[in-house]
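Mapping to the numbering used here: the sequence shown position 38 is 38, numbers consecutive. We put the beta carbon where it would ideally sit given N, CA and C, even for glycine. Heads up, the thing below is written out as structure tokens.
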Amino acid sequence: MDFDVVIAGGSVAGLICAREIARNKNRVLVIEEDYEIGTPEHCGGLVSTRGLEELGVIPFRKTLEHLIESAEIFAPNGNSFSINSKKQKVVEISRRELDKQIAHQAQKNGATIKVKTSFQELTDKGIKTNEGEIKCKIFVDARGVSSIIHKDRTGILPSAQYEIYADWIKKGKVKVFFDKKKYPGFFAWIIPSEEGKGKVGVAGKGINAAETIEKFLGERKNYSIIRKIFAPIWIKGPIKKFVDGKMVIVGDAAGQAKPTTAGGIFSSGMGGLFAGQAISKFLKSNNTSDLDEYQKKWTAKFGKEFETQSFARKILERLDNDTINKLFESITPEIVKEISEKDDFDFHTRSIVKLLGMKTSAKTAGVLISGELKKLLS
Ligand SMILES: Cc1cc2nc3c(=O)[nH]c(=O)nc-3n(C[C@H](O)[C@H](O)[C@H](O)COP(=O)(O)OP(=O)(O)OC[C@H]3O[C@@H](n4cnc5c(N)ncnc54)[C@H](O)[C@@H]3O)c2cc1C
Numbered sequence: 001m002d003f004d005v006v007i008a009g010g011s012v013a014g015l016i017c018a019r020e021i022a023r024n025k026n027r028v029l030v031i032e033e034d035y036e037i038g039t040p041e042h043c044g045g046l047v048s049t050r051g052l053e054e055l056g057v058i059p060f061r062k063t064l065e066h067l068i069e070s071a072e073i074f075a076p077n078g079n080s081f082s083i084n085s086k087k088q089k090v091v092e093i094s095r096r097e098l099d100k101q102i103a104h105q106a107q108k109n110g111a112t113i114k115v116k117t118s119f120q121e122l123t124d125k126g127i128k129t130n131e132g133e134i135k136c137k138i139f140v141d142a143r144g145v146s147s148i149i150h151k152d153r154t155g156i157l158p159s160a161q162y163e164i165y166a167d168w169i170k171k172g173k174v175k176v177f178f179d180k181k182k183y184p185g186f187f188a189w190i191i192p193s194e195e196g197k198g199k200v201g202v203a204g205k206g207i208n209a210a211e212t213i214e215k216f217l218g219e220r221k222n223y224s225i226i227r228k229i230f231a232p233i234w235i236k237g238p239i240k241k242f243v244d245g246k247m248v249i250v251g252d253a254a255g256q257a258k259p260t261t262a263g264g265i266f267s268s269g270m271g272g273l274f275a276g277q278a279i280s281k282f283l284k285s286n287n288t289s290d291l292d293e294y295q296k297k298w299t300a301k302f303g304k305e306f307e308t309q310s311f312a313r314k315i316l317e318r319l320d321n322d323t324i325n326k327l328f329e330s331i332t333p334e335i336v337k338e339i340s341e342k343d344d345f346d347f348h349t350r351s352i353v354k355l356l357g358m359k360t361s362a363k364t365a366g367v368l369i370s371g372e373l374k375k376l377l378s
């Protein structure tokens, strides 16, 4: 059977894209190389409920039991401050369930999903897979970081995340640990799913992710591992062109995850949504400028924020442990209160600027980053 659109990658971006295309009565096929949608789960699962709603996903009622109450951020010397995140309505979700829920939406709209089928290459009339050639008018690359990894290795960080049982994981309390020596250019994290259970992860430039996470856990002791995942994350922001002829690139494959935290459920999912709408329009009009609307819409929503995030990342990458410790010392309760009240999980550079822009911190980090900081603050 021929299709209007074939999408490689049955995860959040590809499935939302398929849902939108099928909603407009087009023939769309999603091919997923794994044996089951949503498995293996390679995600911390932190997302805002507002983001989920914008993606067209109504959170299950039980999802709301997984509300994140606070995020405690640790400096290398162990000092910390805690942001009350109740107002942001961030939840920890099961990615397995989320992906399956979106797959169901896409199928109800008429999309076909085939697992154990892997994209191999583009052909004149469509694509080649392990099961033979499939003809299509548009090919969507939604293969995640695996698609981008060969194009530019400098934007990739190795990461490891273990799902574990441990008494020291507290319900609703996220923890983030900065240490330039242990996690260069990134951090370690604890994301609770419930009391005594959650996801613990590390990422960093050039680290041995397996060794680093074992060390992190070794320092905390008394845990049992449920599942281990090792996956690269992309922190370099969007690629230049989301549309190349009849090929459309969405989600992490297009670099649509946040440059600060590599979180991409919302921004990559929105890539799938905008692409699906643009492709549907193109299939009606056959006018390629309709396809270009996808990149325009995504950039209008996330472009500026991602640029600032990339810039903030560059500054943070240059801070050594001493400077980070000093920055933490100058964080006042007023700043923490303001961030708690006004932070936006999906567009969080405002908070980063707040932290980096405090008078005392500006002095601390001054000589090192003064020019860049001024640019960021402006
Ligand atoms: C350790 C870790 C923790 C994370 N935590 C969070 C978090 O807490 N919050 C958040 O918002 N984001 C988080 N992210 C990022 C988030 O997982 C991604 O941004 C999001 O999954 C991107 O969705 P996607 O559909 O673009 O790609 P992916 O989810 O990567 O999916 C790509 C799909 O393509 C399939 N595929 C690959 N190659 C082929 C092929 N040749 N043929 C067919 N199919 C193929 C894969 O099997 C996969 O199903 C995390 C990422 C990692 C690695």
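List the endpoints of the continuous alpha helix (DSSP H) containing residue i.
i    : result
Y165 : First-last for Y165: I156 to A166, but that is the beta strand (DSSP E), not the alpha helix (DSSP H).
M247 : Where M247 is concerned, there is no enclosing alpha helix (DSSP H), although the beta strand (DSSP E) it sits in stretches over M247 to I249.
Q107 : R95 to N109
S380 : Since the first and last residues shown for the chain are 1 and 378, residue 380 lies out of range.
K175 : Run containing K175: none in the alpha helix (DSSP H); it sits in the beta strand (DSSP E), K173 to F177.
F266 : I265 to S285
Since residue i is in the beta strand (DSSP E), which residue starts that stretch and which ends it?
i    : result
P333 : No beta strand (DSSP E) contains P333, which is instead part of the alpha helix (DSSP H) from P333 to K342.
E32  : V28 to E32
S48  : L46 to S48
N382 : Residue 382 lies beyond the residue range present for the chain, which begins at 1 and ends at 378; the question has no answer from this structure.
How would you call residue i, buried or exposed, if buried means at least 16 neighbouring beta carbons within 10 angstroms?
i    : result
Q120 : exposed
D411 : This structure cannot settle anything about residue 411, because the visible part of the chain is limited to 1 through 378.
T349 : buried
D346 : buried
T308 : buried
D252 : buried
V367 : A caution first: V367 carries a pLDDT of 46, below 50, which makes its placement in the model unreliable, though a value can still be read off. So V367 counts as exposed.
M270 : buried
Y35  : exposed
H66  : buried
R19  : buried
F230 : exposed
K359 : Caution applies to K359, whose pLDDT of 44 falls short of 50 and renders its modelled position unreliable; the value that the coordinates give is listed next. Flag for K359 reads exposed.
Please classify residue i: does DSSP put it in a helix, a strand, or coil?
i    : result
K205 : coil
K301 : helix
C17  : helix
N325 : helix
F60  : coil
T112 : strand
T360 : Low per-residue confidence applies at T360: pLDDT is 46, beneath 50, and the placement is therefore not dependable enough to give any value.
S330 : coil
Verify the CB distance criterion: does residue i have a CB-CB separation below 7 Å to chain B?
i    : result
F216 : Among the chains of the structure shown, chain B does not appear; only one protein chain is present.
With hydrogens ignored, establish whether the beta-carbon of residue i is closer than 6 Å to any heavy atom of ligand 3.
i   : result
I31 : As far as ligands go, the structure on display features ligand 1 and does not contain ligand 3.
Just checking, does the region 173–187 make contact with the region 203–219 on the three C-beta pairs under 8 Å criterion? Of all C-beta pairs linking the region 173–187 to the region 203–219, three or more are shorter than 8 Å, placing the two stretches in contact.
For the region 48–62 against the region 264–274, are there 3 or more C-beta pairs whose distance is under 8 Å? Output reads yes: the region 264–274 touches the region 48–62.
contact_flag[the region 271–280, the region 306–315] where n(CB pairs < 8 Å) is 3 or more: No, they do not touch.
Report yes or no: do three or more beta-carbon pairs, one from the region 99–108 and one from the region 72–91, lie closer than 8 Å? The region 99–108, when compared against the region 72–91, does not touch it at the 8 Å Cβ threshold.
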